[in-house]
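Numbering (the numbering used here), first residue to last: 246 to 758.
Laid out in structure tokens, this is it:
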């Protein structure tokens, strides 16, 4: 096709272009005589045709771009009309290819060719042939030649694409042949495996049939043996049923006996629970009695030790009383001797000496009277202490007789005594000390001039006021403690009286019975 384009002259090519332009309604139709090879084409003919064509095209409503596209499509379609027959003879002879893949490739190539046509049409539109009046034939021929070269290029691309299709189909045929051979080999291999498997299965079937026949014979023999065994078991069942009937009768008797024994067992369980409750109560009372006995023993030991201590104190007090009585008798003897001596002196000496001796005797008498008063007060205090110890001994004896029920009596009594001692002696001593401190403070206030000594006096006064407040608080707390102890002792004495009355009433009731 390329050679045919090269053999044609530029004049013939121009004639063909003009014919196609006339066929696409751009130029008026002319006879073939006007386009003979010998008749030259003038520029006026082209421009006249151009003007008429453009006027007709614009009157028909078509654009310049559509016109160019139609021309290019017609030129390419004419050159491609001869190719399909060759392609059909070369490509589609001898085999059938996959329609889907070929359609996809052809559609892709068709789109590529359309894009190329669009590009060429745009180039053709940019380089229009008929824009100016000064367009000449050589330029037109040059443009036509370039168009033909483009067509040749397109034809080459189409042929190369078809060649690619041919090679692809050949490769696909080769792959199909290889796959067919591989399929045949696999088929043969599977056939061999099937034969081997069939042979092995037949052998296994024969072996298993022989085994199952042997097992069937053994099962028949086992069946005969089991039938004999069933017959024996039926006979044994009859004998066992007879035994079961006898056992059922015995079971009824045993159930009646069991019910009777269960009733007795329930009664015994009730009695056992009662006895266990009583036993627990007795154990609790025994533990309480043991605890009381231990407390009583401890109290007895404590009271015994206290009694021994009190006896020792009483002996010491008796010794001190006898010693004081001895000193009193000696003092009385000395007083009597002094009186006799004074009487003798009065008889012998003069009045002046008598007065002096009388004064001395009176002084000595006053001293001795003071000593006698001090000794009498000491004796009186010892007597009070002896009475107190006697009362404590009586209380301890009463407590021993009461069986240790008043375990806190000694402690309460001791606390009460200590509180009374603090109230009578301790508070008095503290009051006397505060009075002495006040007198000393007054004396120091009179002698102090000022400065640091004045500050010391102020601090001492503040501390003295604090001592007074503490003394008041101590006296109140001692009063509260003594009140509580008195109330407790009253409550205990009332309880003891009630217990004694109850014991007396109980004794009277027993006597009356």
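Here a beta-carbon is modelled for each residue, glycine too, at the ideal position from N, C-alpha and C.
This one's a predicted model, so the numbers in the text were calculated from it and none came from an experiment.
Return yes when the Cβ of residue j is within less than 9 Å of the Cβ of residue i, no when it is not.
i	j	result
residue 664	residue 716	no
residue 559	residue 620	no
residue 674	residue 630	no
residue 683	residue 661	no
residue 617	residue 576	yes
residue 679	residue 713	yes
residue 361	residue 389	no
residue 706	residue 685	no
If we ignore side chains and look at the alpha-carbon of each, how far apart do residue i and residue j end up?
i	j	result
residue 340	residue 438	Low per-residue confidence applies at residue 340: pLDDT is 40, beneath 50, and the placement is therefore not dependable, though the value from the model is reported in the following sentence. Rounded to the nearest angstrom, the two C-alpha atoms are 34 Å apart.
residue 271	residue 423	Reliability fails at residue 271, whose pLDDT of 40 lies under 50, so the model's placement of it is uncertain and the value that follows must be treated cautiously. Approximately 58 Å between the Cα atoms of the pair.
residue 417	residue 433	24 Å
residue 218	residue 497	The requested residue 218 is not part of the displayed model; the chain covers only 246 to 758.
residue 719	residue 546	35 Å
residue 571	residue 626	17 Å
residue 464	residue 483	28 Å
residue 573	residue 692	48 Å
residue 385	residue 391	10 Å
residue 397	residue 356	19 Å
residue 395	residue 431	53 Å
residue 428	residue 435	10 Å
residue 567	residue 586	28 Å
residue 451	residue 491	58 Å
residue 589	residue 676	50 Å
residue 448	residue 456	12 Å
residue 409	residue 425	24 Å
residue 413	residue 440	40 Å
residue 569	residue 614	15 Å
residue 401	residue 382	28 Å
residue 552	residue 542	15 Å
residue 607	residue 578	17 Å
residue 544	residue 557	20 Å
residue 517	residue 504	19 Å
residue 442	residue 404	56 Å
residue 468	residue 479	16 Å
residue 519	residue 527	12 Å
residue 446	residue 453	10 Å
residue 470	residue 462	13 Å
residue 632	residue 639	10 Å
residue 515	residue 529	21 Å
residue 475	residue 444	45 Å
residue 406	residue 415	14 Å
residue 502	residue 538	52 Å
Taking 9 Å as the CB-CB limit, is residue i close to chain C?
i	result
residue 692	Of the chains in the structure shown, none is chain C; there is only one protein chain.
Rounded C-beta distance between residue i and residue j? I'm assuming under 8 Å.
i	j	result
residue 555	residue 637	6 Å
Which same chain residues end up closer than 6 Å to residue i when comparing Cβ atoms and leaving out the 5 residues on each side of it in sequence?
i	result
residue 250	With a pLDDT of 45 at residue 250, under the threshold of 50, the modelled position of this residue cannot be trusted, and the question is left open.
residue 507	none
residue 328	Reliability of the predicted coordinates at residue 328 is poor, the pLDDT of 38 falling under 50, and no value is obtained from them.
residue 727	664
Skipping 5 residues on each side, what residues in its chain have a beta carbon closer than 7 Å to that of residue i?
i	result
residue 723	664, 667 and 668
residue 307	Because the pLDDT at residue 307 is just 41, under 50, the model does not fix this residue reliably, and the value given afterwards should be weighed accordingly. Here the set comprises nothing.
Report all residues from its chain with a CB closer than 8 Å to the CB of residue i; omit the five preceding and five following residues, and keep chain order.
i	result
residue 611	none
residue 523	none
residue 672	716, 719, 720 and 723
residue 512	none
residue 460	none
Next item on the list: Inspect the CB distances between the segment 576-586 and the segment 522-541 and report whether three or more fall short of 8 Å.
Entry: Fewer than three pairs of CB atoms, one per stretch, sit closer than 8 Å, so the segment 576-586 makes no contact with the segment 522-541.
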